[in-house]
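Have a look at the structure below, then the notes.
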Amino acid sequence: MKHRIVLLAGLALAALSSVATAAPSAAAQREISGLMQALERSGCRFQRNGSWYGAAEAKSHLQRKYDYLLKRNLADTPEQFIERAASRSSISGRAYRVACPGAAEQDASAWFQQQLRDLRAAGR
């Protein structure tokens, strides 16, 4: 009986660990990659903690944040990526800003949400 309980507990832990290490779906990965590409191609500037950066440098920074979140299973959807990596500094809490040519400066969260809507509308 005791052996059976230990076995069941082990199976339950194994099942939980497999759920905990679940990766984003292929569709989510494509959309997050599409968001990163949209930023890189945009020609926009990206403000982080009061300093402005080019799109390529911003993409690199967000990729590092995303990789960190992936290791902890904290960014399984594009919405989670936007909320947890692309919206604000995890150190200062200050909102990221985006300034694109010919457009008003806006919060990065709003910019990425619009890019996600555009990606989905295009069927990517």
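Each step along the sequence shown adds one to the number in the working numbering, with nothing skipped, and position 79 is 68.
Every residue gets a Cβ at the ideal spot worked out from N, C-alpha and C, and that includes glycine.
Being a predicted model, the structure only gives us computed values, none of them experimental.
Measure from the alpha carbon of residue i to the alpha carbon of each residue in the options, then state which is nearest.
i: N62; options: A111, Y42 and S14; result: S14
i: L28; options: A88, A64 and E68; result: A88
i: E94; options: G23, D56, W41 and S22; result: W41
i: S31; options: Q103, G112 and R109; result: Q103
In its own chain, which residues sit with a C-beta less than 6 Å from the C-beta of residue i, not counting the 5 before and 5 after it?
i: A84; result: R77 and D96
Got a sec, what are the start and stop residues for the alpha helix (DSSP H) residue i sits in?
i: R30; result: A15 to S31
i: S49; result: A44 to K60
With a threshold of 8 Å on Cβ separation, who are the neighbours of residue i within its own chain once the five nearest residues in sequence on each side are excluded?
i: L59; result: A12 and P13
i: N38; result: S78, I80, S81 and R83
i: I71; result: L24, S98, F101, Q102 and L105
With H, G and I counted as helix, E and B as strand and the rest as coil, what does DSSP make of residue i?
i: D96; result: strand
i: R138; result: A question about residue 138 goes unanswered here, because the residues of the chain that appear run from -10 up to 113.
i: A110; result: helix
Less than 8 Å between the CB atoms is what I'm expecting for residue i and residue j, so what's the real figure, rounded?
i: Q52; j: M25; result: 6 Å
i: S81; j: K54; result: Their Cβ separation, rounded to whole angstroms, is 14 Å, which puts S81 and K54 out of contact at 8 Å.
i: P67; j: E20; result: 4 Å
i: F35; j: A47; result: 3 Å
Take residue i and list the residues in its own chain whose beta-carbon comes closer than 7 Å to its own, dropping the five residues that flank it on each side.
i: R73; result: L58, L63 and A64
i: C33; result: A44, V87, A88 and C89
i: W100; result: V87
Is residue i near the ligand PLP, judged by its Cβ being under 7 Å from some heavy atom?
i: Q36; result: For the ligand PLP, the structure offers nothing, since it holds no ligand at all.
Following the continuous beta strand (DSSP E) through residue i, name the residue where it begins and the one where it ends.
i: R37; result: R34 to R37
i: A88; result: R86 to A88
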